[in-house]
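Okay, so here's the structure we're looking at.
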Amino acid sequence: MSPFTVVAFEFLIIVTFYFLQNGSIKFGHAWCVKNASLGKGKVNGKGRNVFGAGRRCYLTAGGGISLGGRTYRPERNIRHAIHEGKLKNRRIYSPDTYTRPMMSKVKESLFSILSHLGIFSNSTINVLDVFSGSGNLGIECISRDIPHVTFVDLSLNSCKTIYENLKLCNINYSYNQIIRADAMELLKCPLKFHMGQKFHLAFFTPPYEQIVYSELIQNISNSELFHPDCLVFIEYPKEIEMLPQRVYNMIGLRNRKFGRTYFALYVLNSSGKYLFAERRDEFYPLHYNRKQRRQEKYL
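When the letters of the sequence shown are read in order and numbered with mature numbering (1 follows the signal peptide of the UniProt record, and there is no 0), they come out as residues -30 to -1, 1 to 269.
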């Protein structure tokens, strides 16, 4: 027996012993994985099966757990609920890659504002969902009878997840498209990605650490992708403190805070249609208290 074979055999023994000790596998099948969530119950800290006692849990190809004919997906596959419309309460999956899902209360606040502005009363609008992740925002729009949504994400895993979520919700693919592209490149050269249409509503929910917001706003402002009076949603972190209320050809309508998550809603190339909803008083560093706002003349 060669030295390499001996080392490989010893490694296999060590790995097998480790998983047996941690309650993860048992010769081709698995007892319930330690501390894994199993719906009505879970495995306790001692590795004992509380839910479905004495029944075998099979590890599925997708990394989930099959117990009694039901498959439980790993907790990393966070499920988002659709809030309103024909897909209300339908749940969709997030990608396996690192993403920061939008908080439920942020989405609820955003779509409440958009509904107040009356944008969903026009079913012919085009929606652009950039940095889509799971496609959560775009699918929320589809649920509200908006048929044309374009999803954009650079991650192949995210694009596959969006496709699977559309399939899960029985959404017609012919009216929607998924584009794998860099957001900045798309904004600068839309024809490179065969995008001839223009949009009435756009969502930008970038990864906080991987984006320069001044560059993003400038590219949005200069892009040929948008109709006049296009509504642009931008999510940003508290570390930025505040986005400007008026910048280039964009006018800020709303600026809200939810924990570490802030968002601003702009109207692009305004004709005055949405200016009744302009709230200049919301555009101040949102961590300021009332005294600081008065000192800095925001009040």
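The C-beta atom is built at its ideal place from N, Cα and C for all residues, glycine as well.
Asked                                                                                                                             : Found
Local Cβ density within 10 Å of residue 145, reported as buried at 16 or more and exposed below that                              : exposed
Beta-carbon contacts of residue 154 that lie in its chain and below 6 Å, excluding the five residues immediately before and after : 189
CB of residue 113 within 8 Å of CB of residue 77, strictly                                                                        : no
Coil, strand or helix - residue -29 by DSSP                                                                                       : coil
Close-in-space but distant-in-sequence residues of the same chain around residue 89 (CB under 8 Å, 5 per side omitted)            : 95, 170, 171, 201
CA-to-CA distance, residue 75 to residue 82, given in whole angstroms                                                             : 10 Å
Inter-residue Cα distance where the pair is residue 259 and residue 210                                                           : 17 Å
Limits of the alpha helix (DSSP H) - the one that residue 226 falls within                                                        : First-last for residue 226: 220 to 228, but that is the beta strand (DSSP E), not the alpha helix (DSSP H).
Proximity below 8 Å, CB of residue 236 to CB of residue 223                                                                       : yes
Spatial distance of residue 194 from residue 166 (CA atoms)                                                                       : 9 Å
Assigned secondary structure, residue 195 (DSSP; H/G/I helix, E/B strand, else coil)                                              : coil
Identity of the residues DSSP links to residue 207 by a beta bridge                                                               : 231
Distance CB(residue 64)-CB(residue 108) smaller than 8 Å                                                                          : no
For residue 261 and residue 282, the rounded distance between their alpha carbons                                                 : Residue 282 lies beyond the residue range present for the chain, which begins at -30 and ends at 269; the question has no answer from this structure.
Boundaries of the beta strand (DSSP E) in which residue 61 is found, first to last residue                                        : 61 to 63
6 Å Cβ shell around residue 212 - same chain, five flanking residues per side excluded                                            : 255
Contact under 8 Å by Cβ, residue 174 with residue 149                                                                             : no
Which of helix, strand or coil DSSP assigns to residue 86                                                                         : helix
Simplified DSSP state of residue 57, which is helix, strand or coil                                                               : coil
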